[in-house]
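Comments concern the structure below.
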Amino acid sequence: MSRKKKNPLDRNQGWALLFCAPNIIFFIIFFLWPAVIGLYYSFTNYDGWRNMDFIGLQNYINLFHDSQFYSVFWNTVLYVVVSVPLGMIVSLFLALLLNDEKIKGNSITRVLVYWPTLLSTIMVGVTWKWIFGESFGVANYVLTSMGLPSVGWFSTPAAAFWTTIIATVWSGCGVNMLIYLGGIKQIPVDLYEAATIDGANAWQRFRSITLPSLKPVTFMILLTSTINAFKVFAMVQTLTNGGPGTATTYMIQYIYQTGFTRNRHGYASAASMILFVVLLIISFVQTRMNAKQEEA
Amino acid sequence: MMQVSKTSVIVKSVVSLLFALIWVFPVVWLVLSSFKPGSELFTFPLTLFPKDFSLSGYISTFSRYNVFRATYNTAFITFFATVITLIMSCMCGFALAKYHYKWLSVFFMCMLATTMLPTEVIMSPSFTVILNLGLYNSLWGAIIPTVGTMTGVFLMRQFFISIPDELLEAARIDGANEGRSFVQIMVPLCRSQIAILAIFSFRWRWNDYVWPLLALTNPDKYTLQLQLRTLSGAEAVDWSALLSFSVLTMIPVLIIFIIFNRQIMSSEVSSGVKG
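For the protein sequence lines, the chains are A and B, in the order given.
Heads up: the first sequence at position 18 corresponds to 18 in the working numbering, and the numbers run straight through without jumps.
Positions in the second sequence are counted from 1; adding 296 to them yields the working numbering.
Written as structure tokens, this is what we have:
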């Protein structure tokens, strides 16, 4: 209301700058600077040691002809496209299920579903690696004692892919479930009552009240989970180590290995820039779609 | 009034219980396995509870790996990173909420962009930065880069927006300068929010992997997560030690969660982003 008072605010500009200064400095040093260096590296053949010749677009041209890069890229996309919607469906389902306070044990279930999100990414990897161990894991033990064949969880590409999905959904659902629960709590109860009087069944109520009301929340979860999924690194590295072969090597692990194991920092940086552009486009498109839906 | 039939309550309760079991099983299985002697870990039939309760995994972990050193390093990083994060996020969140200048909103947009280009994406250049600043192989190398967290600033900003501007106006009329009103009026008001951010920061830093990975090479400087990664990435995994070590690393987070689970879970709803 009183934002327009001119004089005191101008004097306060110095204070505002002072309050923000540490964050501005850290933003420049640990975000802007690396981003610029990364962009520069991507035009060089930097090997982390001696060579740093400017080679123009060569890294990018090579990447576009690199079949390994393509396979890593599509693996990552597949991982994101499967894990994000699946995680969201499970979170929404859990939120709807656990919303009812009358059902005993719901608050405990909420706590138990949330708890894995507090584990470190490496812990998540270790936990599932122990369960899916091919010759000693409890997963294969249960399968074989039910008379089913045991699965080569880490030696078949498809199975390894699913272990990464399961671990991701398990470890990420808790937060999204809580956000959905918060969203559900804000839907006015009289909407449901009116719909019930009008003869809408549970599915119709869900379709025409719950889902539309949760749109903004869903959008936020979609954006954060997509970015988080692209960021996956330590968990998968621990769980499958990107194997078998490179079947579950996702972008960040590929970038890390290309840079730090094979000393091709320039090439890795070019891959980083491509991933960055992809993330930027996704955020942009999702934000635009959300804005459009809100207008409509 | 929403009528809930008896059968639907039963079905829902059963499904709820089922999910609880599915979600809790992996960790319970890991913890119980850590108390099995090495020989029992791999002999079928597997049992949920150890037949022969044993601490041999823990004993070998403590004798072969420097658990105390890694715990100390992790605690050092967590403590200092959290303190600095709290101070910086408080100041910056306050400024973003209470002042309205063009450059501030530009800066806020820039901060938001950091969530789109996480450090994981630019590890090579981040490593160069650490090297150039002389932070390589120093615990501070895993502290300094993390403290300007966008999530912390965002959390504090949301809180300060909810505090009425009139409070600040009144202090200004009384002749207090901005620094004084911030320290004496604003900070005491947001004690509970600071506590929430402290809990979050504790957990981020305790579980952090990427910055320690980039900054620390000497096994002397390893954090618990780096040690855990080394153990689990070995050619022949020593499961007995790995299981007990991983249980040890999650104890502090578990304790914090048991004490503060209500606050943690309700703040998660309002923040929704990870740092």
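Note that CB positions come from ideal geometry on N, CA and C, so glycine has one too.
No experiment lies behind these values; they were computed from the predicted model shown.
Taking 4 residues as the shortest admissible run, the segment 490-561 of chain B contains the following complete alpha helix (DSSP H) segments, listed from N- to C-terminal end: 506-511, 520-528. Sixteen is the threshold: since fewer than 16 other Cβ atoms of the shown chains lie within 10 Å of the Cβ of N428/B, the residue is exposed. For M405/B, the nearest beta carbon of chain A is not closer than 8 Å to its own beta carbon.
In this model, L544/B and T519/B are separated by some 13 Å (Cα to Cα). Scanning Y141/A, Y40/A, Q186/A for the CA closest to the CA of F338/B turns up Y141/A. Chain B places a beta carbon closer than 8 Å to that of N12/A, counting this residue as a contact. In the three-state reduction of the DSSP assignment, F455/B falls in the helix class, which pools H, G and I. Assignment of F43/A by DSSP, reduced to helix, strand and coil, places it in the coil class. The CB of A268/A comes closer than 7 Å to the CB of S420 in chain B, given here in chain order. Going by DSSP, S350/B is part of no alpha helix (DSSP H) at all; its letter is neither H nor E. For K231/A, the neighbours in chain B by C-beta distance under 7 Å run, in chain order, P414, E416.
The continuous alpha helix (DSSP H) containing P85/A extends over residues 67-98. With respect to chain B, the C-beta atom of P188/A has no partner C-beta closer than 8 Å.
When Y250/A, G172/A, Q204/A are compared, the shortest CA-CA separation from E564/B is found for G172/A.
Contact holds between the segment 62-82 of chain A and the segment 246-260 of chain A, because three or more Cβ pairs, one in each stretch, are under 8 Å apart.
No Cβ-Cβ contact shorter than 8 Å links I184/A with A195/A. Within 10 angstroms of the beta-carbon of M146/A lie fewer than 16 other beta-carbons, which makes it exposed. In the DSSP assignment, M235/A falls within the alpha helix (DSSP H) that extends over 234-239. Look at the segment 335-417 of chain B and you find these whole runs of alpha helix (DSSP H), each 4 residues long or longer: 352-360, 363-394, 398-409. The residues Q523, L527, A537, F541, in chain order, have a CB closer than 8 Å to that of Y361/B in the same chain once the five nearest residues on each side in sequence are set aside. Among the residues of the segment 481-506 of chain B, those with a Cβ less than 9 Å away from any Cβ of chain A are R499, W502, N503, D504, Y505, V506, in the order of the chain. A Cβ of chain B is located within less than 8 Å of the beta carbon of N23/A.
For Y361/B, no CB of chain A lies under 8 Å from its own CB, so it is not counted at the interface with that chain. In summary, H65/A is exposed, with fewer than 16 beta-carbon neighbours lying within 10 Å of its beta-carbon over all protein chains present. Looking at L98/A, V124/A, T168/A, the one whose alpha-carbon comes closest to that of V82/A is T168/A. Inclusion of G266/A and Y70/A in the CB contact set at 8 Å is not warranted, their separation being larger than that value. Between G448/B and T381/B, the beta carbon gap of about 5 Å places them in contact (Cβ cut-off 8 Å).
Considered as a whole, the segment 159-226 of chain A harbours 189-197, 202-205 as its complete alpha helix (DSSP H) runs of no fewer than 4 residues, in chain order. Put simply, the CB of A139/A is far from chain B, with every gap to its CB atoms at 8 Å or more.
Setting aside the 5 residues that flank it on each side, S352/B is surrounded in the same chain by P333, G334, S536, each with a C-beta closer than 8 Å to its C-beta; the list follows chain order. In chain order, N433 place their CB closer than 7 Å to the CB of T513/B, counting only its own chain and leaving out the 5 sequence neighbours on each side.
The beta-carbon separation of N23/A and G444/B, rounded to 5 Å, stays under the 8 Å limit for a contact. Between the C-alpha atoms of D100/A and V323/B there is a straight-line separation of about 26 Å.
Listed along chain B, no residue sits closer than 7 Å to M289/A by beta-carbon distance, the nearest being about 16 Å off. Not a single CB atom of chain A sits nearer than 8 Å to the CB of T367/B.
W130/A sits buried, since 16 or more C-beta atoms from the chains shown fall within 10 Å of its C-beta.
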